[in-house]
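Before any comments, here is the structure.
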Amino acid sequence: GLRELGERLAGAATGPPAEAAGWRALAGALAEPSRRIAGDSAVEPRDLDPGLIDSAGTARAVVAAAARTAERFLLVA
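Counting from 25, one number per residue, gives the positions in the sequence shown under the numbering used here.
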């Protein structure tokens, strides 16, 4: 799922420290929907059935998380 994709991106992050930190932040943003769903339902992310997750809702959560991450980077920069 998105979390695994984020983990792969973060694991492959190379380059200057700022670039690697950006990839790790993106990985965190991609993992956020799983954490939110798990927190709301008190279910571990690994126990979630990806077939039951609303794709549109997940996409909205990912975009919102990415926007918050980008906003933090812009405030720091």
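We put the CB at the ideal spot given by N, CA and C, even for glycine.
Residue i versus residue j: straight-line alpha-carbon distance, rounded
i: T93; j: A85; result: 12 Å
i: G39; j: R32; result: 16 Å
Top-ranked residue by Cα proximity to residue i, from the options
i: T82; options: E43, P57, A91, L50; result: P57
i: A89; options: A36, W47, A55, A42; result: A55
i: E28; options: A44, L98, R48; result: R48
CB contact flag (residue i, residue j, <8 Å)
i: A34; j: A51; result: yes
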